[in-house]
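If you use mature numbering (1 follows the signal peptide of the UniProt record, and there is no 0), the sequence shown corresponds to residues -28 to -1, 1 to 312, in order.
Notes to accompany the following structure.
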Amino acid sequence: MKKRTFLKSLLASSLILGGLSISINTSATLFGKSDDEKIKIGFLVKQPEEPWFQTEWTFADKAGKDYGFEVIKIAVPDGEKTLNAIDTIAASGAKGFVICTPDPKLGSAIMAKAKSYDLKVITVDDQFLNAKGEPMTDVPLVMMAATDIGRRQGEELYKEMQNRKWDITETAVMAITADELDTARRRVHGSIESLTKLGFPAEKIYRVPTKTNDIPGALDAANSLLVQHPEVKKWLIVGMNDNTVLGGVRATEGQGFSADNVIAIGINGTDAKNELAKTKPTGFFGSLLPSPDVHGYHTAELLYKWITKGEAPNPTYLEVANTVLLTRKNYKEELAKKGL
């Protein structure tokens, strides 16, 4: 009799606990996904110390918060770390990743590794190249509209030159190039295209390649150009980003040019803050700030929808043309709007 009573009690307890378990699981489903169920995506960038990429990460996280997915952020400064990061992403249970590659030529290796794990991939800022050096147009890409932004750079330079009423016979353009990088080539080409259309003499636009896309590399390139043209009294400076343009500015300063005789406009905005904040103006007039917030949020959003709804990005190539000209007058306000 006692045994029968014990078994009845045990059965009742099991039913109660089972019901409680069902209730708990149902509540978890109702009130949100568990960590194990939450969609994860990777977001890999080549230079995490740069404000541009920090902003992309911040807004990717915002997309994650809005849609309920987790963003795994990893720095990939070289090829080895990139491939290792893909292993890490796959091991974490992520379904895909966004990447700004440290080297576009890694495109084929990155895609081969991603496909081995069945991971979806969206590139941001720089386009993958295959083994032949050709753009991998089948891989979704979100990037700034390089040619359009370059054109705006040329337009703003010409406008400021006119505002200062410069004598065009004393003026030349220093175009610091990095043609091996498609984005850089298109920006500088767009700028030169605008300047010539507006009437600047093509024969007075001097191109000089930089070995590295930073201030020291551009400084060396600019110095080599300046010594070849002592007849030029005033310079407009074009480059792919803020740092290449700043290298040109530093070179003109070293050669004795005053800020009044130099107009330089960079691209990126995030590297321009310290220069624009200087008490005494330099030849660096301003910078075109694109939209790292849009890049970060939109790529993460696109990848999430691709994973959860099967909606592959269409078109596969999305250009973002939004830019703001930062100057000494407005840079604080405009950077604050972007969370920079």
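Glycine is no exception: its CB is placed at the ideal position from the N, C-alpha and C atoms.
Predicted, not measured: the structure shown is a model, and the values here were computed from it.
Backbone secondary structure at residue i - three-state DSSP
i	result
L91	coil
L153	coil
Y303	helix
E283	coil
P264	helix
M133	helix
L290	strand
L248	helix
G14	strand
L312	coil
G226	helix
G238	strand
G258	strand
T295	coil
Status (buried if at least 16 other CB within 10 Å, exposed otherwise) for residue i
i	result
Q200	exposed
Y303	buried
residue 316	For the chain, the structure presents residues -28 to 312; residue 316 sits outside this window and is missing.
E128	buried
S166	buried
K309	exposed
K85	buried
P76	buried
Q134	exposed
P74	buried
K206	buried
I13	buried
P285	buried
R136	exposed
E247	buried
Close beta carbons around residue i, own chain, < 6 Å, minus the five adjacent residues each side
i	result
N215	D186, I187, D243
Y89	A62
T(-3)	Confidence is the limiting factor: at T(-3) the pLDDT is only 35, short of 50, which leaves the residue's position unreliable and the question unanswerable from this model.
A156	A150, M212
K67	I279
I209	M146, V217, G220, A236
S259	D214, G238, G241, A244, L298
K176	A144
S227	For clarity, residue 227 is Gln in the given sequence; the question names Ser instead. L198.
Y276	Y39, F41
A35	Y269, A272, E273
Cβ separation of residue i and residue j, assumed to be a contact under 8 Å, to the nearest whole Å
i	j	result
N294	P262	7 Å
T54	L91	Between L91 and T54 the Cβ distance is about 13 Å, and since that is not below 8 Å, they are no contact.
T30	G268	7 Å
G126	I164	7 Å
A47	V93	Not quite, the Cβ-Cβ distance comes to about 17 Å (not below 8 Å), so this is no contact.
Residues near residue i in its chain [Cβ-Cβ closer than 7 Å; skip 5 each side]
i	result
L312	P23, T27, T242
residue 396	Shown here, the chain extends from -28 to 312; a query on residue 396 therefore has no answer.
A223	L191, A194, N195, L198
E305	none
Close-in-space but distant-in-sequence residues of the same chain around residue i (CB under 8 Å, 5 per side omitted)
i	result
I121	R159, G162, I239, L260, P262, A293, T295
I82	T54, L55, I58, I71, T73, V93, F100
W138	K206
Which runs of the alpha helix (DSSP H) spanning at least 4 residues fall entirely within the region 39 to 122, listed in chain order? 51 to 63, 79 to 88
I'd like the ranges of any beta strand (DSSP E) spanning at least 3 consecutive residues and lying wholly in the region 133 to 207. Within the region 133 to 207, the complete beta strand (DSSP E) segments at least 3 residues long are 143 to 149, 177 to 181, listed from N- to C-terminus.
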